[in-house]
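These protein sequences, in sequence, are chains A and B. The opening residue of the first sequence carries number 1 in the UniProt record's numbering; numbering runs sequentially from there. The opening residue of the second sequence carries number 1 in the UniProt record's numbering; numbering runs sequentially from there. For each residue, glycine too, the CB sits at the ideal point set by N, CA and C. Okay, structure first, notes after.
Protein chains: 2
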Amino acid sequence: MSLQERKERERAHRHQLIVAAARELAEAHGWDAVTTRRLSERIEYSQPVLYSHFRGKREIVGAVALEGFAELTATMREAVANGPEGRAAVAALADAYVDFAERNPALYDAMFLLDTGLPFADEATPVPLREGFETLLDTLGDIAGSADPALFVEIFWSALHGLVSLTRSGRLPRQEASRRLDVLVDRFAERGGDG
Amino acid sequence: MSLQERKERERAHRHQLIVAAARELAEAHGWDAVTTRRLSERIEYSQPVLYSHFRGKREIVGAVALEGFAELTATMREAVANGPEGRAAVAALADAYVDFAERNPALYDAMFLLDTGLPFADEATPVPLREGFETLLDTLGDIAGSADPALFVEIFWSALHGLVSLTRSGRLPRQEASRRLDVLVDRFAERGGDG
DNA sequence: TCGAATGTCTAGCACTGCTAGGATCCGGGG
DNA sequence: CCCCGGATCCTAGCAGTGCTAGACATTCGA
Chain A
1 MSLQERKERE
11 RAHRHQLIVA
21 AARELAEAHG
31 WDAVTTRRLS
41 ERIEYSQPVL
51 YSHFRGKREI
61 VGAVALEGFA
71 ELTATMREAV
81 ANGPEGRAAV
91 AALADAYVDF
101 AERNPALYDA
111 MFLLDTGLPF
121 ADEATPVPLR
131 EGFETLLDTL
141 GDIAGSADPA
151 LFVEIFWSAL
161 HGLVSLTRSG
171 RLPRQEASRR
181 LDVLVDRFAE
191 RGGDG
Chain B
1 MSLQERKERE
11 RAHRHQLIVA
21 AARELAEAHG
31 WDAVTTRRLS
41 ERIEYSQPVL
51 YSHFRGKREI
61 VGAVALEGFA
71 ELTATMREAV
81 ANGPEGRAAV
91 AALADAYVDF
101 AERNPALYDA
111 MFLLDTGLPF
121 ADEATPVPLR
131 EGFETLLDTL
141 GDIAGSADPA
151 LFVEIFWSAL
161 HGLVSLTRSG
171 RLPRQEASRR
181 LDVLVDRFAE
191 RGGDG
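Here it is in structure tokens:
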């Protein structure tokens, strides 16, 4: 059986090779530059091999996105590791989120902009995704005030995503980015209703 | 000179024909379905004609987006025509914005998602765009509290855009959409600092 | 009436995601 | 040992994309 195991291992290795190549290519030259031909050239296999690992380009983007969710969750957890509260907690998460997006623009696009087919708020939602949301929930739960914590987290995430995506597409000037984030944090750190 | 004028008029007419065709096609089958071949078929001219009116597909999307900005501005102005204040004003604008996005998804994408090359916060920013922003400023200026009104409007817009785009891409469930918007309005309608 | 400018179209380029069908290699049975 | 069956991989190609060079006609000004 060791033979089959080796083959399986090699397959898994090649699978990861594809994902890594896609990610690097995207981060270096944008997702438009990630074509099946270029990918196949990088991994030194022909194009059809890609389709023996993934159903199509969409699924490759999805695989990269999954890596991103794991990393973003780790980053946010680290940001609130020392147990900040109130405004400090909101600020820590917001900073971590925006920094992550700034540092990994292509990764961020895969996660939140491109069509990956990943199910989000669903019973089939992958683990890294759930954990990201729960990290936010754990830290922001008591800040929600009278609002439903889940909904509160969702609109906090929405606001951050809006800021990031509008800035990155040039629709908001980069100039006042940090002050803008401050104002946003202020808004969400205030106590609303009786917690 | 009437001859040249007629030609000019016909040219303008065809220009508008292209924009209308692009918009209809996008709204009916998504922007992926808007190809230069299909467009040229609709307007009953060959493809190169498109390039005598626009530099490329990007500019066509941009022209559609411009229409969108004018309409969105009109919608929001109407929403605050009766001069609401405080929470009512925020809610009116938020509802108008989200409704507009819901009713014109392809138009919304052209405005806020796709690459159009339109300059946003710039001296070259087109008028319909400026007016949209100023409509928000006029209504929300005194709600900003101690924050810079412009920045406040920008993060309000960001939050709305985040909500809309995440919902439309399936990353937020449609189910609780209206409650989610309520929570968001609550957050932004509260007084922060001393106005 | 003739040359030039204008307008339009045909045909084609280089690229995209994706796939059918043929070649090649390798392990197990006779 | 040979040879066959199945897995693996590649070549070649499809239909589609945005965009453009160059030919063609038509129409204008001298």
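Where residue i sits in the DSSP three-state scheme
i	result
E71 of chain A	helix
T116 of chain B	coil
L160 of chain B	helix
F54 of chain A	coil
Q175 of chain B	coil
P126 of chain A	coil
G170 of chain B	coil
G141 of chain A	helix
A63 of chain A	helix
Y45 of chain A	coil
S40 of chain A	helix
A20 of chain B	helix
S146 of chain A	coil
V153 of chain B	helix
V34 of chain A	coil
A121 of chain A	coil
E190 of chain B	coil
E131 of chain A	helix
E78 of chain A	helix
P105 of chain B	helix
E85 of chain B	coil
L25 of chain A	helix
8 Å Cβ cutoff, residue i in contact with chain A
i	result
L140 of chain B	no
I155 of chain B	yes
A110 of chain B	no
A74 of chain B	no
Interface flag, residue i vs chain B, CB-CB below 8 Å
i	result
P173 of chain A	yes
G195 of chain A	Summary for G195 of chain A: the model assigns pLDDT 42, below 50, so the residue's position carries little reliability; its value from the coordinates is reported in the next sentence. No, because no Cβ of chain B sits closer than 8 Å to the Cβ of G195 of chain A.
Contact set between residue i and chain A, taken where Cβ atoms lie within less than 9 Å
i	result
F100 of chain B	By Cβ distance, chain A contributes nothing, its closest Cβ being about 16 Å from F100 of chain B, past 9 Å.
L107 of chain B	Those do not exist, as L107 of chain B stays about 15 Å from chain A at its closest Cβ, beyond 9 Å.
A124 of chain B	By Cβ distance, chain A contributes nothing, its closest Cβ being about 12 Å from A124 of chain B, past 9 Å.
Same chain, Cβ closer than 8 Å to residue i, five either side skipped, listed in chain order
i	result
L25 of chain A	A33, V34, R38, L39 and R42
D194 of chain B	Residue placement at D194 of chain B is poorly supported in this model, since its pLDDT is 47, which falls under 50; the coordinates still yield a value, given next. Around D194 of chain B: G145 and S146.
S165 of chain B	F112 and L113
residue 201 of chain A	This structure leaves residue 201 of chain A out entirely; chain A is present only between 1 and 195.
N104 of chain A	E27, G68 and E71
V49 of chain B	R14, S40 and I43
Chain B contact residues for residue i, given Cβ-Cβ distances below 7 Å
i	result
residue 233 of chain A	This structure cannot speak to residue 233 of chain A, because chain A is shown only from 1 to 195.
A159 of chain A	I155, S158, A159 and G162
L151 of chain A	E176, R179, R180 and V183
Neighbourhood of residue i by C-beta distance below 6 Å, restricted to the same chain and skipping five residues each side
i	result
L114 of chain B	V61
Q47 of chain A	T36 and S40
Y108 of chain B	A101
Neighbourhood of residue i by C-beta, 7 Å cutoff - its chain only, sequence neighbours within 5 removed
i	result
R58 of chain B	D115, T116 and G117
G141 of chain A	P149
L66 of chain B	P126 and P128
P119 of chain A	T125
T73 of chain B	P128, E131, G132 and T135
S169 of chain B	none
A12 of chain B	none
residue 226 of chain B	Here chain B comprises residues numbered 1 to 195, so residue 226 of chain B is not present and cannot be evaluated.
Problem set entry | Interface residues of the stretch 161-189 of chain A facing chain B [CB-CB below 9 Å] | Within the stretch 161-189 of chain A, the qualifying residues are H161, G162, L163, V164, S165, L166, T167, S169, G170, R171, L172, P173, Q175, E176, R179, R180, L181, D182, V183, L184, D186, R187 and F188.
Problem set entry | Members of the UniProt domain "HTH tetR-type" (12-72) of chain A that neighbour chain B once the beta carbon cut-off is set at 8 Å | Of all residues in the UniProt domain "HTH tetR-type" (12-72) of chain A, none has a Cβ within less than 8 Å of some Cβ in chain B.
Problem set entry | Near-chain A residues of the stretch 80-100 of chain B (beta-carbon distance less than 9 Å), N- to C-terminal order | For the stretch 80-100 of chain B, which is checked against every Cβ of chain A, not one residue is closer than 9 Å.
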